[in-house]
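Here the protein sequences come in this chain order: W and F. Residue numbers for the first sequence follow the working numbering, so the first one is 1 and each next one is one higher. Residue numbers for the second sequence follow the working numbering, so the first one is 1001 and each next one is one higher. Just so you know, even glycine gets a beta-carbon here, dropped at the ideal spot from N, CA and C.
Protein chains: 2
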Amino acid sequence: MLDKVLNAESVAIIGASKNKTKRGYQAIKTLLADGFEGDIYPVNPKEDRILGLKCYKDITQIEAPVNLALITTPARTIPGILRKCGEKKVSGAVIIAGGFRELGGKGKELEQEVVATAKETGVRLIGPNTSGMINLKSNMNLVGIQNAPRGNIALLCQSGNMALTLITEATIRKHEGFTYYVGVGNEADIKFHEYLEFFRNDPDTKSILMYVEGMSEGREFLQEAHKTSIKKPIVLLKSGRSATGKKSAGSHTGSLAGMSEVAKLAYERAGIIVIENSDELFPVAETLSSQPSIKNNSIAILADGGGHATIAADLLSDYGIHIPELSDKTKEKLKKILPEAASVVNPVDVAGGTDSDPSLFADCAKIIIKDPNVGGLLVVGLFGGYGIRFEKSLAIGEEAAAHRFGAMVKKRSKPIFVHSLYSSYESHALDLLRHYDIPVHDSLDISCKCVASLCKYGNYLKSYHAKTNFIFDWRAKAKKEGQKIIKNAKKEGRHVLLEHEAKQLIRLHGAPTSVGNLAQTEDEAWQFAKGIKENVVLKIVSPDILHKSDAQGVKLNLSSKKEIQKGFHQIVKNAKAYNPEAEIRGVLVAPMAQKGLEVIIGTKIDEQFGPVIMYGLGGIMVEIMKDVTFWVLPVSPTSSKKMLEDTRSSVLLDGVRGQKGYDKKSLRKLISMCSDLIESYPEIEEMDLNPVIVYEQGLDVVDARIILKK
Amino acid sequence: MLDKVLNAESVAIIGASKNKTKRGYQAIKTLLADGFEGDIYPVNPKEDRILGLKCYKDITQIEAPVNLALITTPARTIPGILRKCGEKKVSGAVIIAGGFRELGGKGKELEQEVVATAKETGVRLIGPNTSGMINLKSNMNLVGIQNAPRGNIALLCQSGNMALTLITEATIRKHEGFTYYVGVGNEADIKFHEYLEFFRNDPDTKSILMYVEGMSEGREFLQEAHKTSIKKPIVLLKSGRSATGKKSAGSHTGSLAGMSEVAKLAYERAGIIVIENSDELFPVAETLSSQPSIKNNSIAILADGGGHATIAADLLSDYGIHIPELSDKTKEKLKKILPEAASVVNPVDVAGGTDSDPSLFADCAKIIIKDPNVGGLLVVGLFGGYGIRFEKSLAIGEEAAAHRFGAMVKKRSKPIFVHSLYSSYESHALDLLRHYDIPVHDSLDISCKCVASLCKYGNYLKSYHAKTNFIFDWRAKAKKEGQKIIKNAKKEGRHVLLEHEAKQLIRLHGAPTSVGNLAQTEDEAWQFAKGIKENVVLKIVSPDILHKSDAQGVKLNLSSKKEIQKGFHQIVKNAKAYNPEAEIRGVLVAPMAQKGLEVIIGTKIDEQFGPVIMYGLGGIMVEIMKDVTFWVLPVSPTSSKKMLEDTRSSVLLDGVRGQKGYDKKSLRKLISMCSDLIESYPEIEEMDLNPVIVYEQGLDVVDARIILKK
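Shown next, in the form of structure tokens:
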């Protein structure tokens, strides 16, 4: 659908100019200089010819069909121009101008008008507030960044500066380049997920590199990402995670950065490789576009001497990658060709064995890479520099080794990486490795990160999540009685359900909870309490008191008539002292929960991803340890298992130190119930089940709070 | 003391050779080529002249005094040669050969012999198993790495590969270099801390860069590091933190890598800047050697457009650095010179304002750097590339700006950093910045890490730890009764104190704990229980049962006679079933502890740092959340405050959600008591107080275990 836009065969430049400092001049110049394979039509009512091309007064006057319009004129002119584009049946337009949503107020209104005009006319929009786009296959360069290298990475970027950074890095590394660059800008019309779909279907694109500050349709994006990442890897850096970063991102693209943990987990579950250091972004994308994924999360390290091998082992272990013991057969073979001082465990240390002939590296690599325990090989240290550092003639042995490395990776079954101090020197051996598509880095950190990303992608491809469908509409259904509870609250002008209402609602859907009884008098409280086997808890019920504890509106563990009557009296008194205006509905009398493991489950509507759920350890711990995990709803039964496993406290559920475990099955059921509830009742904005007490058998939702959308 | 060794004025090359492939030839060649300012004496019984220099049969035959011997001969020859060196009154020797401790067995014995010979003869040793050393001030290059750049960083390194890496990096960056390089090797004689002391006193050394795999005298090192870091910064990477990394480090230098958390915390408390990514090692050392520290942990960011600024703000926030709001005055001044679209909050975005004249960057910088909220400035993006990317003539404005940046940092009060995409391009403006000692990086990650290291160092210099003495001998004294307890256990051949013995010992030193009474019979248990107000706990006491719970040897919360008698019976039965050979000393009857906050305190003897203490949240949480901190003993009263603050759970101690806090004073007293105890009784190997229950007032050591050295 975006084909005519991103693969346009003819481009009109609206705002074409003869003034060399203007974008409308530079754009035509760049298209001509880069040798754009399609047709170029300058549009400017005041000119006849620009840079030797016929100039049109108006886009509608162009005789031939036009696929794409590059609009370089100011914000206010856009709606009028778009209408003309519609008339001409142009498929898409790139809007460079800023001055829209990112300014707020009138800018926001103008953007809405632009989007409405686009919808009306059928013209799809890239931007506004974008540096433009480049199709490197047809040399359609609508950005002005020169000499961007061609390759097989699609670049989807929400900052012109970051695009320039990544393209500059590719230019300096001289190895891998791009199929497309799209500056997403304000994402007013075409969304991230539409670009993603296009790149998934583009045969030349092998990996997708994204820089995101904020996205508007997160759910659709996750769905497309999931479909895409099983076919080709996506590498993404999401910025704006700090308060200050968000402020800066906000002023930049006019989109709000989302809760960073939610986003990161959601991306990863859709198979995206999430990057946090910008230095790693390009090398990882390059690696994933050219290397086979590592299937067994294991790597061997080959070094001459320590230091590098030790650091690499540290880093890889930090990433959770195994440095497996080599098989006896492998070790024996290595022993035969290496000096006595060498280490044939993993990391393998040739201990100077390569000093006289570096081609020994290839002999070792050939033995190691065949070991079934090993998923790939990382060579660290001086390879490629023996001829530089020691003796010129050693370069021959290095080149011979490089050719043999090349042969080893020809079948693309296990990747080989080379870290070399001499990466930025003139080294023919290293150039040969690059020729054979073997990644060469001078940074150990980057080498290890690239290895880790191949492991991560390999692990993902094997995972349950890669293989299942990614469904967002899970067709859970509301119950009439439930709708009545919500309707009643709304009728009363409330957007908060009272505790017993919330508990009734979740109970309707099968959540184990003791709703309790609402007592109006001391005596009634005692009557209810008498019918309860356990000691009881009393809690104030008032639509005006959201935080019961703050109002001293809770009494725990009462049993005698006297305690209960006194408790009732005290609670009501406290509530009135806390808020004299508060409407008191009564006091809830419920059984004290038994001891068990306290957990918390909450849902909210995330700005980017819609309904999300949080699960974690409850009690005071939740705030201190922040041992929580998030999931974009719905949660399938298998996903809820993964959610539990994603917390450090999951070992508590299993039972530690000889203790019995807790009822994970019921907990997972409760999580699924929450998932269903949120779809069934779209009126719900937020839900907090806190605490939920989990037992060896069963569980109890002790407190529940549901907030409705206003 | 090491002056004559590291600043030697005359060097003998033992093992000098005419064979070009031998180290004994290369060493002389390098000294001649580099223009060593001192005298060179080849020693080889078979040659008369080598490379034009007179060759001696024996070191004793050299007429003039010799300060340093470079020994290139094999391991087994070393003791004999050292004796000759002693005879000649040589101050030091560099031993290149491997084949010592790192091989274990006979290698270890040989190393011991070498060290003994050194002690005897008074010759100080660098190595063995080292790549050598370089004094760049006198061009005494005993390594063979050529063209190492001179500068003001001292490099102390335990891997020849890492030394080569760092020197190569310095060579490529062409800005900063070294005063000395020392390859520490097996650290058999001269230790890390002695080198550190030397570098502290070297007037040309401005910062010290260390790569450590393991060190033998950690406590002495910490003391020297503390003395050094208030005068000049130390930057350190400790490798071998992973199991595999340790294996690799172990096989390399023959030293054991220590507990990584203990080491990291100990280093940081001595003021060392600890680095985890090797890419950051050199840039951070370079920054610290040339830039003023940042005193207020705050930085301003200046950018043209978003992207970079957002990423930088994220990274700096992750490092705990403030991106403060600028003062109203600053904002007003900026508004006057920047376009309307610009952002004058922090990060400041010139929004294209520099497109026509990049010298505007200097105008902005001058305003921002004067803001009292701001401790330094980070310029991110394209500075230095406007002339490359847009229009050649813009380079003039960039150069003008660079000169003005230079003037701003002349007084070295607040540092300016420049991140530039064009760092690896030919840019005169960037060269000017380098000339003015302004750090220029093409990596945002590295730029931010360098900023963070200046903040960290600035924070340290202001801290309590920087200002106090660092005493390791704290003169705590044993008590006679305590010594009796230990003696008694030893007499019985035990190296574990029984629970009541351990409790008696700590109680002697003032720890609040209910020792309880040891009952031999059911009736005796009941008699003891009767005298206790609270419910009681029964615990088996046996030198053969270390883990009482595993043996089902504990009964909690008993009160009635029947319960207690039954409990006694059951516990003894369980213990016998668990270990029929176990010698049962009786059953401890102690009061049940009240509820409170469970914490754990433990001590052990660390291989590198001697006695260390651990404090953290107790109960099941300790294993899951690992919310613990370590301290090398002793712990001063102020340090114990810091220890509590270093855990995430410290907010619990202060009281959260309206709860009252816990008795931190008693807790700190207990920590100090442990510190004293460990010095007073050097027989103690490990001590575990777990759990310690802390109350609003007071605390209770509920269980104590003390293990003696074997």
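What is the DSSP secondary structure of residue i, reduced to helix, strand or coil?
| i | result |
| --- | --- |
| ARG412(W) | coil |
| HIS1547(F) | coil |
| GLU1213(F) | coil |
| GLU1391(F) | coil |
| TYR460(W) | helix |
| ILE275(W) | strand |
| LYS18(W) | coil |
| CYS157(W) | strand |
| GLY1254(F) | Model confidence at GLY1254(F) stands at a pLDDT of 38, short of 50, so the residue's coordinates are unreliable and nothing is read from them. |
| TYR1181(F) | strand |
| LEU1430(F) | helix |
| VAL1090(F) | coil |
| VAL1005(F) | helix |
| PHE1417(F) | strand |
| GLU1261(F) | helix |
Based on the DSSP output, what are the partners of residue i in its beta bridges?
| i | result |
| --- | --- |
| PHE528(W) | PHE528(W) pairs with nothing; no bridge assigned. |
| PRO42(W) | ILE13(W) |
| THR603(W) | ILE613(W), MET687(W) |
| PRO1591(F) | VAL1536(F) |
| GLY1024(F) | DSSP lists no partner for GLY1024(F). |
| TYR1718(F) | Any answer about residue 1718(F) is impossible in this case: the structure gives chain F only from 1001 up to 1710. |
| MET1140(F) | ASN1135(F) |
| SER343(W) | ASP349(W) |
If you measure between the beta carbons of residue i and residue j, is that distance less than 9 Å?
| i | j | result |
| --- | --- | --- |
| GLU679(W) | ASP473(W) | yes |
| VAL123(W) | LEU156(W) | no |
| SER744(W) | VAL440(W) | It is not possible to answer for residue 744(W), since the shown part of chain W is limited to 1 through 710. |
| SER293(W) | LEU461(W) | yes |
| GLU197(W) | GLY240(W) | no |
| PRO1512(F) | GLY1698(F) | yes |
Could you tell me which of the options sits nearest to residue i, measuring between CA atoms?
| i | options | result |
| --- | --- | --- |
| ALA1704(F) | VAL1515(F), ASP1646(F), LYS1604(F) | VAL1515(F) |
| ASN67(W) | ASP39(W), THR77(W), PRO79(W) | ASP39(W) |
| ASP1189(F) | SER1159(F), LYS1626(F), THR1121(F) | THR1121(F) |
| GLY1482(F) | THR1021(F), THR1468(F), GLU1501(F) | GLU1501(F) |
| SER298(W) | VAL184(W), ASP279(W), ILE323(W) | ILE323(W) |
| ASP1204(F) | MET1133(F), GLY1160(F), LYS1084(F), SER1289(F) | SER1289(F) |
| TYR1211(F) | GLY1616(F), ASN1161(F), GLY1397(F), GLU1194(F) | ASN1161(F) |
| THR521(W) | PRO580(W), ALA476(W), LEU588(W) | LEU588(W) |
| LEU652(W) | ILE446(W), ALA313(W), LEU689(W), VAL599(W) | VAL599(W) |
| VAL1537(F) | THR1171(F), PHE1221(F), SER1091(F), SER1559(F) | SER1559(F) |
| GLU1332(F) | CYS1364(F), GLY1271(F), SER1229(F) | CYS1364(F) |
| request: For the stretch 1143-1176 of chain F, enumerate the residues whose C-beta is nearer than 7 Å to any C-beta of chain W, in chain order. | output: SER1159, GLY1160, ASN1161, MET1162, LEU1164, THR1165, THR1168, ILE1172
| Chain-ordered residues of the stretch 522-556 of chain W with a beta carbon less than 7 Å from chain F | Those would be none; no residue qualifies.
| When you check each C-beta in the stretch 291-319 of chain W against every C-beta of chain F, which residues fall closer than 9 Å? | ILE301, ALA303, ASP304, GLY305, GLY306, GLY307, HIS308, ALA309, THR310, ILE311, ALA312, ALA313, ASP314, LEU315, LEU316, SER317, ASP318
| Where the stretch 1262-1290 of chain F meets chain W: residues whose CB sits under 9 Å from a CB there | GLU1276, ASN1277, SER1278, ASP1279, GLU1280
| field | Near-chain W residues of the stretch 1405-1426 of chain F - C-beta to any C-beta below 7 Å | value | LEU1421, SER1424
| said: If the cut-off is 9 Å on Cβ atoms, which residues from the stretch 1426-1459 of chain F count as contacting chain W, listed in chain order? | reply: Correct list: ASP1442, SER1443, LEU1444, ASP1445, ILE1446.
| query | Taking any Cβ of chain W, which residues in the stretch 1492-1510 of chain F have a Cβ under 7 Å from it, in chain order? | reply | none
| Just by C-beta distance, which residues in the stretch 1691-1706 of chain F are closer than 8 Å to chain W? | none
| request: Quick one: which residues of the stretch 1635-1649 of chain F get their C-beta closer than 9 Å to a C-beta of chain W? List them in chain order. | output: ARG1648, SER1649
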